[in-house]
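There are 2 protein chains.
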Amino acid sequence: MESSPAAVRLAARDGRWEGSTAGHCPQHQQANLVILPAAEAAEFASFCSRNPKPCPVIEITPPGDPEPRLSAPGADLRTDVPGYRVYRRGAPVEKRPDIRELWRDDLVAFLLGCSFTFEHALAEAGVELRHVKRFTTVPMFVSSLRCVTAGRFAGPMVVTMRPIKSEQLPLVLQLSARYPHAHGSPVHVGDPALIGIRDLGRLDYGDAVDMEPDDVPVFWACGVTPQAIAKEAAAELMITHEPGRMFLTDLPREVAP
Amino acid sequence: MESSPAAVRLAARDGRWEGSTAGHCPQHQQANLVILPAAEAAEFASFCSRNPKPCPVIEITPPGDPEPRLSAPGADLRTDVPGYRVYRRGAPVEKRPDIRELWRDDLVAFLLGCSFTFEHALAEAGVELRHVKRFTTVPMFVSSLRCVTAGRFAGPMVVTMRPIKSEQLPLVLQLSARYPHAHGSPVHVGDPALIGIRDLGRLDYGDAVDMEPDDVPVFWACGVTPQAIAKEAAAELMITHEPGRMFLTDLPREVAP
Chain A
100 MESSPAAVRL
110 AARDGRWEGS
120 TAGHCPQHQQ
130 ANLVILPAAE
140 AAEFASFCSR
150 NPKPCPVIEI
160 TPPGDPEPRL
170 SAPGADLRTD
180 VPGYRVYRRG
190 APVEKRPDIR
200 ELWRDDLVAF
210 LLGCSFTFEH
220 ALAEAGVELR
230 HVKRFTTVPM
240 FVSSLRCVTA
250 GRFAGPMVVT
260 MRPIKSEQLP
270 LVLQLSARYP
280 HAHGSPVHVG
290 DPALIGIRDL
300 GRLDYGDAVD
310 MEPDDVPVFW
320 ACGVTPQAIA
330 KEAAAELMIT
340 HEPGRMFLTD
350 LPREVAP
Chain B
100 MESSPAAVRL
110 AARDGRWEGS
120 TAGHCPQHQQ
130 ANLVILPAAE
140 AAEFASFCSR
150 NPKPCPVIEI
160 TPPGDPEPRL
170 SAPGADLRTD
180 VPGYRVYRRG
190 APVEKRPDIR
200 ELWRDDLVAF
210 LLGCSFTFEH
220 ALAEAGVELR
230 HVKRFTTVPM
240 FVSSLRCVTA
250 GRFAGPMVVT
260 MRPIKSEQLP
270 LVLQLSARYP
280 HAHGSPVHVG
290 DPALIGIRDL
300 GRLDYGDAVD
310 MEPDDVPVFW
320 ACGVTPQAIA
330 KEAAAELMIT
340 HEPGRMFLTD
350 LPREVAP
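Note that the protein sequences, when read in sequence, are chains A and B. Counted the way this note's numbering counts, the first sequence spans residues 100 to 356. Counted the way this note's numbering counts, the second sequence spans residues 100 to 356.
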């Protein structure tokens, strides 16, 4: 495990780190990555502005410039993520360790907040995160909550679910609300059916977790949402990070950009 | 003075209100307006993301759609602002009561937070705002603080100055920090020379205010910044609100979007 965001980025750039970034650099913000051509980027920026819970904008880069000057000066978004996925017209076409050869003068990168950021704060406050304890990926569901539409970008919100002990609910609600730049407070607490989830055992992404007697299911807006929506919109080209392999920013965990 | 944001917007649409929106609807957020062609909008979205103090994004509309669905569903940004200014290649070319005839399928509107929003909160807490008391426009200066560059969009930060009684400084700092969606906490307190302002009597925009013995000059990032920067960048077309004639949103004052 590398000691600083810059060290993780360099390890990704040099091909020494292709793994998950969960647990790395707990004092810094991690970010989801969505890269789109400028022709589609203005519409996607609109979508993010209208859906800040699933799409909290950390930074948008200008067309053609892969350096996130605000959140990680000197970094290169073409190489500094441990893994990339490439989609064309909505279809996944390849996975790559870097995207130097795919870079174009019209590409715009969106760095969007990630729940890893607030999970560190919950864990430090004594909240057990079951998927972390089990070394699995957080369970994710396509909910019946609708995102606010922006042009071609439209669809349901993807949510994560974490089982929380009922006596820790107030702590969890208050703590996560301090991280609006990382999805913030939950979008739902309790009965999954109220947001269109019939069975907590039937996930759309991630791994199932066991529910214990005193658990309440708590749902947060998920950073997978913008990728799922952009995929549906069948953008000419979309490049994202490999799930779980986030971009490490230099921004301190607590501070909205 | 109209009673609701929708009533102010309708009065602007019908040509019954062409005046300042200062003091209107104190419980709701007001917004600066910058409209650009999609070709320039992705780069400007990058600039806003890198400079959240002068450019707090309330909403970005998708190309061609003038309805701000998040912040004022049903409103029309082509008609619902009391006055518009039109720039071509950076040069002011006309003022208009509406922009229906100029609207195009590629235009993107940026609604950015406005200090009117936090001024209401300061006034309610007993802070005297001298420019409000004198019925003048807040003094504005081009500071030596640099914005973070995004492509063609580059330049200095424009700041507003409000004289604050020293014993009210802690109150003012704490209150304004609660409004990150309206420029938030000050960018400087005290000696103007430290941010490149040699003489408080030599303004760049607005009207001068008298300084009293116990006053401390307090400086906030100003919503004029993005317009000044976009003007310098000489966008093919830029449309903004007439200064002081803001767009009234339905968003409650206290809530970041």
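Note that the Cβ used here is the ideal one computed from N, Cα and C, for glycine as well. Keep in mind the model is a prediction, meaning the values are calculated, not measured.
Fill in: Secondary structure of A:Glu117, DSSP reduced to three states
coil
Worksheet item: If you measure beta-carbon to beta-carbon, which residues of the segment 117-141 of chain A are closer than 8 Å to chain B?
Response: Ala137, Ala138, Ala140, Ala141
Worksheet entry | Cβ pair A:Gln126, A:Phe215 closer than 7 Å | no
Worksheet entry | Start-end ranges of the alpha helix (DSSP H) lying completely within the segment 289-352 of chain A, minimum 4 residues | 323-331
Practice prompt. Closer than 9 Å by beta-carbon distance: list the chain A residues that pair up with B:Val207, in chain order.
Written response: Ala141, Glu142, Ala144, Ser145
Practice prompt. Report the rounded CA-to-CA distance for B:Arg149 versus A:Glu158, giving the unit in angstroms.
Written response: 6 Å
Worksheet item: What does B:Ser148 reach in chain A if we use C-beta pairs closer than 8 Å?
Response: The answer, in chain order, is Val156, Ile157, Glu158, Ile159, Leu169, Pro356.
Discussion item. When you compare the CB positions of A:Val288 and A:Val308, do they come within less than 7 Å of one another, or not?
Written reply: No, the pair does not count as a contact, with Cβ atoms beyond the cut-off.
Worksheet item: Between the Cα of A:Pro108 and the Cα atoms of A:Ala138, A:Asp306, A:Phe217, A:Arg177, which residue gives the shortest distance?
Response: The sequence shown places Arg at residue 108 of chain A, rather than the Pro named in the question. Comparing C-alpha distances from A:Arg108 to each of A:Ala138, A:Asp306, A:Phe217, A:Arg177 shows the shortest one belongs to A:Arg177.
Item to complete: Specify the secondary structure class of A:Val357 as computed by DSSP and reduced to three states.
Response: This structure cannot settle anything about residue 357 of chain A, because the visible part of chain A is limited to 100 through 356.
Item to complete: Could you check the C-alpha separation between B:Glu193 and B:Tyr186 for me, to the nearest Å?
Response: 7 Å
Discussion item. When you compare the segment 264-276 of chain A with the segment 341-353 of chain A, are there three or more beta-carbon pairs, one atom per stretch, that lie closer than 8 Å?
Written reply: Judged by Cβ distances under 8 Å, the segment 264-276 of chain A makes no contact with the segment 341-353 of chain A, as fewer than three pairs qualify.
Item to complete: Assuming B:Thr324 contacts B:Pro155 (C-beta within less than 8 Å), just tell me the rounded distance between them.
Response: Incorrect: roughly 11 Å between the Cβ atoms, too far for contact.
Fill in: Under 7 Å by beta carbon: chain A residues contacting B:Ala249
Pro161
Worksheet entry | Three CB pairs or more closer than 8 Å across the segment 269-280 of chain A and the segment 293-307 of chain A | no
Practice prompt. Measuring alpha carbon to alpha carbon, tell me which of A:Met337, A:Cys213, A:Asp314, A:Gly305 ends up nearest A:Pro234.
Written response: One detail in the question is off: residue 234 of chain A reads as Phe in this sequence, not Pro. Out of A:Met337, A:Cys213, A:Asp314, A:Gly305, A:Gly305 has the C-alpha closest to the C-alpha of A:Phe234.
Worksheet item: Since A:Asp164 meets chain B, which of its residues come closer than 9 Å, beta carbon to beta carbon?
Response: Those within 9 Å of A:Asp164 in chain B are Ser145, Ala249, Gly250.
Worksheet item: Do A:Trp202 and A:Thr259 have their C-beta atoms closer together than 7 Å?
Response: With respect to the 7 Å criterion, A:Trp202 and A:Thr259 are not classified as neighbours on the basis of their beta carbons.
Fill in: Identity of the residue in A:Gly114, A:Cys321, A:Thr339 nearest A:Pro238 by Cα
A:Cys321
Worksheet item: How many whole angstroms separate the CB atoms of A:Gly212 and A:Ala140, which I take to be in contact at a CB cut-off of 8 Å?
Response: A:Gly212 to A:Ala140, Cβ: 18 Å. No contact.
Practice prompt. Give the straight-line distance between the Cα atoms of A:Ser103 and A:Val354, rounded to the nearest whole angstrom.
Written response: 17 Å
Worksheet item: What is the DSSP secondary structure of A:Phe234, reduced to helix, strand or coil?
Response: coil
Worksheet item: Is it right to say B:Gln273 is buried, meaning 16 or more other beta carbons lie within 10 angstroms of its own, or is it exposed?
Response: exposed
Worksheet item: Is the beta carbon of B:Pro360 less than 7 Å from the beta carbon of B:Ala111?
Response: Nothing about residue 360 of chain B can be reported from this structure: the residues present for chain B run from 100 to 356 only.
Worksheet item: Roughly how many angstroms separate the alpha carbons of A:Ser170 and A:Thr160, rounded to a whole number?
Response: Cα-Cα distance, rounded: 10 Å.
Item to complete: Using three-state DSSP, classify B:Val271 as helix, strand or coil.
Response: helix
Worksheet item: Between A:Ala60 and A:Val257, is the Cβ-Cβ spacing less than 7 Å?
Response: Residue numbering for chain A in the displayed model covers 100 to 356; residue 60 of chain A lies beyond these limits and cannot be assessed.
Discussion item. On the DSSP letters alone, give me the boundaries of the alpha helix (DSSP H) that B:Leu221 sits inside.
Written reply: The continuous alpha helix (DSSP H) containing B:Leu221 extends over residues 215-223.
Item to complete: For A:Ser148, name the three-state secondary structure that DSSP assigns.
Response: Correct three-state label for A:Ser148: helix.
Worksheet entry | DSSP-derived helix/strand/coil call for A:Ser102 | coil
Practice prompt. Closer than 7 Å by C-beta to A:Thr248: which residues in its own chain qualify, once you throw out the five before and the five after it? Chain order, please.
Written response: none
Fill in: Cβ neighbours of A:Gly114 in the same chain (closer than 7 Å, five flanking residues each side left out)
Pro196
Worksheet item: Considering only residues of the same chain and omitting the five flanking positions on each side of B:Ala144, which have a CB-CB separation below 7 Å?
Response: Cβ neighbours of B:Ala144 beyond the five flanking positions: Ile159.
Item to complete: Pull up the distance between the alpha-carbon of A:Arg229 and that of A:Ala121, whole angstroms please.
Response: 14 Å
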